[in-house]
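S.K.: Last residue of the sequence shown: 614 (this note's numbering), numbering continuous. Note that CB positions come from ideal geometry on N, CA and C, so glycine has one too. I'd like to ask you about the structure that follows.
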Amino acid sequence: MARVWKASEGSHPASAITIIGRCIRKINLNGISTHPTPYKKDVYDRQILAFGTHGQEMLSNTKVGIVGLGGTGTPVVEQLVRIGVRDFGIIDPGYFSPSNITRGYGSFYSDIKSKWPKWFPLLKNKRAKVDIAANHMRKINPEATILSIRDSVVKDSALKALLDRDVIFSCTDEHWGRSVVNQLSYQYLIPVINMGIRIDSKSGTIHGAFGSIDIIRPDQPCLWCSGFLNSDRIMAESLPANERKARLREGYVEDIDMNAPSVISLTTTVSGHATTTFLQLITDFMQEAGNISRLNYYIMESVVDRGRIKVEPDCICSQVKGFGDMKILPTLK
Ligand SMILES: [Zn+2]
Numbered sequence: 282m283a284r285v286w287k288a289s290e291g292s293h294p295a296s297a298i299t300i301i302g303r304c305i306r307k308i309n310l311n312g313i314s315t316h317p318t319p320y321k322k323d324v325y326d327r328q329i330l331a332f333g334t335h336g337q338e339m340l341s342n343t344k345v346g347i348v349g350l351g352g353t354g355t356p357v358v359e360q361l362v363r364i365g366v367r368d369f370g371i372i373d374p375g376y377f378s379p380s381n382i383t384r385g386y387g388s389f390y391s392d393i394k395s396k397w398p399k400w401f402p403l404l405k406n407k408r409a410k411v412d413i414a415a416n417h418m419r420k421i422n423p424e425a426t427i428l429s430i431r432d433s434v435v436k437d438s439a440l441k442a443l444l445d446r447d448v449i450f451s452c453t454d455e456h457w458g459r460s461v462v463n464q465l466s467y468q469y470l471i472p473v474i475n476m477g478i479r480i481d482s483k484s485g486t487i488h489g490a491f492g493s494i495d496i497i498r499p500d501q502p503c504l505w506c507s508g509f510l511n512s513d514r515i516m517a518e519s520l521p522a523n524e525r526k527a528r529l530r531e532g533y534v535e536d537i538d539m540n541a542p543s544v545i546s547l548t549t550t551v552s553g554h555a556t557t558t559f560l561q562l563i564t565d566f567m568q569e570a571g572n573i574s575r576l577n578y579y580i581m582e583s584v585v586d587r588g589r590i591k592v593e594p595d596c597i598c599s600q601v602k603g604f605g606d607m608k609i610l611p612t613l614k
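The following block contains the structure:
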C-alpha cells in the first residue's frame with residue numbers, strides 16, 4: 282500500500298503508481314479497471330493476437346488527451362478509438378471549414394451543408410471540430426467516454442482538464458499551445474507525443490518537406506531542448522490579431538495567419554508513427570529498442586530515422602520536473 286501526503290490535506294491512500302521509462306507501467310493499487318465495462322474481446326481479437334489480453338486490457342484502460350483536431354489530430358483519434366482506447370479528452374477551439382475534408386478524418390461533405398439560410402452567413406457551418414470528432418468517435422465505439430473542450434489549450438481550465446490523462450497527443454499548429462503542453466508534461470510527469478510537419482512549397486512546387494514525432498517525458502529532451510519551439514512565434518501568437526497585423530507590417534513578427542500546405546497522406550504517416558510510439562509506451566512491444574525520444578521523417582527522401590537530441594542544461598524541462606501544483610503554469614486564467 283502507498284500513501285500520498287499533501288500539506289493541505291494530510292495523507293491519504295494512493296490509488297495507483299505510475300513508472301515512466303521507455304514505456305509506462307501503471308500499477309493500479311485498487312485492482313480495478315479504470316473503465317466501468319470490460320472491452321469486447323471479439324472486436325479486438327486480431328490485436329490480442331499481437332499484444333495479448335493483458336496488452337489489450339492496458340490499451341482499453343488508458344486515458345488519452347488530444348490537443349488539436351486537424352491533419353494529425355483526427356487520424357490519431359481515428360486510430361486510437363479503433364485500437365480500443367475508450368477514455369478521451371479532446372481540445373480544439375476551431376470550427377469546421379470545407380478544406381478540413383481533405384485531411385480531417387470524420388468530416389464529410391454533408392458537414393458543408395448548412396442548416397442556416399444563406400442570408401445569415403455568420404452562423405453558417407458553425408460546427409465545432411470537437412463535436413464532429415466526438416460524433417465520429419461514438420460511431421466507431423459507442424462505449425467511448427469523451428470529454429470535449431471547445432477552447433484553446435492555453436486557457437488554464439482547458440489545460441488542467443488533461444491532468445488525469447496517461448498520455449497526451451500534441452497535434453495543434455500553434456507553438457504557444459505546444460509550449461504549455463510541453464511544460465505540463467514535465468511538471469506533472471505526463472508523457473506527451475508531439476507531432477510536427479512542414480511542407481515548403483512555392484508556385485505549386487514542393488522544395489522541402491519534413492515531419493517529426495517527439496516523445497517527451499521525464500529525463501528525455503523537451504520541445505525547447507530539440508529546438509522545435511520558437512519563442513518569436515509564441516510571442517506572435519500571444520498578441521491580439523490587430524496588434525499582430527501591425528507588428529507584421531513593421532516586420533517584427535512572421536505571418537502566422539496564412540494557411541500552410543497540407544497533404545493527408547503525409548499527415549497520416551506522421552500520425553501513424555505517433556500512434557505506434559503510443560503502442561510502445563503502453564505495451565512495450567519493442568522492448569529494449571523502444572526507448573525512443575524523436576523520430577525524423579525526411580519526406581522527400583522517404584526515410585524515417587531516430588533523432589539524437591540531448592537534454593539542454595538549465596532548460597525548463599529540468600526546472601519544473603515533478604513540481605506539480607507547486608509551480609504556476611503559463612496559461613491564460
Ligand atoms: Zn528541455
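The beta strand (DSSP E) that contains residue 448, what's its start and end?
M.R.: Counting from one through the sequence shown, the residue named residue 448 turns up at place 167. Counting along the chain, the beta strand (DSSP E) containing residue 448 begins and ends at 448-451.
S.K.: Using CA coordinates, which residue listed in 504, 380, 416 and 455 is at the minimum distance from residue 435?
M.R.: Start at 1 with the first residue of the sequence shown, and residue 435 comes out as number 154. For the residues 504, 380, 416 and 455, the minimum Cα distance to residue 435 belongs to 455.
S.K.: In the DSSP output, which residue or residues are listed as bridge partners for residue 301?
M.R.: Numbered from 1 along the sequence shown, position 20 holds the residue referred to as residue 301. Per DSSP, 305.
S.K.: Cα separation between residue 362 and residue 558?
M.R.: If you number the sequence shown from 1, residue 362 lands on position 81. If you number the sequence shown from 1, residue 558 lands on position 277. Going from the Cα of residue 362 to the Cα of residue 558 covers about 16 Å.
S.K.: Report all residues for which the CB-ligand distance to some heavy atom of ligand 1 is below 7 Å; order them along the chain.
M.R.: The filter returns 502, 503, 505, 506, 592, 593, 596, 597, 598 and 599, in chain order.
S.K.: Thinking C-alpha only, which one of 408, 416 and 463 is nearest residue 617?
M.R.: Outside the shown range of the chain, which is 282 to 614, sits residue 617, and nothing can be said about it.
S.K.: At what residues does the alpha helix (DSSP H) containing residue 509 begin and finish?
M.R.: Taking the sequence shown and counting its residues from 1, one reaches residue 509 at position 228. Per DSSP, residue 509 belongs to no alpha helix (DSSP H) and is neither H nor E.
S.K.: Could you work out which residue in 479, 426 and 359 is closest to residue 540 when comparing CA atoms only?
M.R.: Within the sequence shown, residue 540 is the residue found at index 259, counting from 1. With distances taken between Cα atoms, residue 540 lies closest to 479.
S.K.: Helix, strand or coil for residue 391? Go by DSSP, reduced to three states.
M.R.: Within the sequence shown, the letter at position 110 stands for residue 391. Helix, per DSSP.
S.K.: Which residue wins for smallest C-alpha separation from residue 607, given the options 465, 438 and 334?
M.R.: To locate residue 607, count along the sequence shown from 1; it is residue 326. The residue with the shortest Cα to Cα distance from residue 607 is 465.
S.K.: Please list, in chain order, all residues of the same chain as residue 324 whose beta carbon is under 8 Å from its beta carbon, the five residues on each side excluded.
M.R.: Translated into positions along the sequence shown, residue 324 becomes position 43. Correct list, in chain order: 365.
S.K.: Can you check which of these residues, 370, 547, 574 and 580, is closest to residue 443 by C-alpha distance?
M.R.: Numbered from 1 along the sequence shown, position 162 holds the residue referred to as residue 443. Nearest of 370, 547, 574 and 580 to residue 443, Cα basis: 370.
S.K.: If I'm right that residue 499 touches residue 467 with Cβ under 8 Å, what's the distance once you round it to whole angstroms?
M.R.: Within the sequence shown, residue 499 is the residue found at index 218, counting from 1. Within the sequence shown, residue 467 is the residue found at index 186, counting from 1. Yes, they are in contact, since the Cβ atoms of residue 499 and residue 467 sit about 7 Å apart, within 8 Å.
S.K.: Pairing CB atoms from the stretch 337-350 with CB atoms from the stretch 561-574, are three or more of them under 8 Å?
M.R.: Yes: the two stretches touch, three or more of their Cβ pairs being nearer than 8 Å.
S.K.: Could you please give the first and the last residue of the uninterrupted beta strand (DSSP E) stretch that includes residue 578?
M.R.: Reading the sequence shown from its first residue, position 297 is the one you call residue 578. Taken as a continuous stretch (DSSP letters only), the beta strand (DSSP E) holding residue 578 covers 575-579.
S.K.: Give the C-beta separation of residue 349 and residue 453 to the nearest angstrom, bearing in mind that I take them to be a contact with Cβ-Cβ under 8 Å.
M.R.: Sequence index remark: in the sequence shown, residue 349 carries index 68 (1-based). Sequence index remark: in the sequence shown, residue 453 carries index 172 (1-based). About 3 Å; that satisfies the 8 Å criterion.
S.K.: How about the stretch 546-557 and the stretch 511-526: do they share at least three Cβ pairs that are nearer than 8 Å?
M.R.: With the cut-off at 8 Å, the stretch 546-557 and the stretch 511-526 do not touch.
S.K.: Could you spell out where the alpha helix (DSSP H) holding residue 463 opens and where it closes?
M.R.: Translated into positions along the sequence shown, residue 463 becomes position 182. Taken as a continuous stretch (DSSP letters only), the alpha helix (DSSP H) holding residue 463 covers 456-468.
S.K.: With DSSP collapsed to three states, give me the class of residue 358.
M.R.: Mapped onto the sequence shown, residue 358 falls at position 77. Three-state DSSP puts residue 358 in a helix.
S.K.: I think residue 301 touches residue 308, with their Cβ atoms under 8 Å apart; what is that distance to the nearest whole Å?
M.R.: Taking the first residue of the sequence shown as 1, we reach residue 301 at position 20. Taking the first residue of the sequence shown as 1, we reach residue 308 at position 27. With a Cβ gap of about 12 Å, residue 301 and residue 308 do not count as contacting.
S.K.: Using C-beta distances below 7 Å, list every residue in its chain close to residue 551, excluding the 5 sequence neighbours before and after it, in chain order.
M.R.: Within the sequence shown, numbered from 1, the residue matching residue 551 stands at position 270. Excluding residues within five positions, the ones whose Cβ falls inside 7 Å are 353, 476, 478, 492, 494 and 578.
S.K.: Mapping DSSP to helix, strand and coil, what is residue 426?
M.R.: Along the sequence shown, one-based indexing puts residue 426 at 145. Of the three classes helix, strand and coil, the one that applies to residue 426 here is strand, per DSSP.
S.K.: For residue 475, which of helix, strand or coil comes out of DSSP?
M.R.: Numbered from its first residue, the sequence shown carries residue 475 at position 194. Strand.
S.K.: In the DSSP assignment, find the unbroken beta strand (DSSP E) run with residue 490 in it and report its ends.
M.R.: As a working note, residue 490 is residue 209 in the sequence shown. Its beta strand (DSSP E) spans residues 486-497.
S.K.: Start and end of the beta strand (DSSP E) containing residue 348?
M.R.: Working through the sequence shown from its first residue, we reach residue 348 at position 67. Where residue 348 is concerned, the enclosing beta strand (DSSP E) stretches over 344-348.
S.K.: Just how far apart, CA to CA, sit residue 490 and residue 543?
M.R.: Here residue 490 refers to the residue found at position 209 when the sequence shown is read from its first residue. Here residue 543 refers to the residue found at position 262 when the sequence shown is read from its first residue. If I take the Cα positions, the gap works out to 10 Å.
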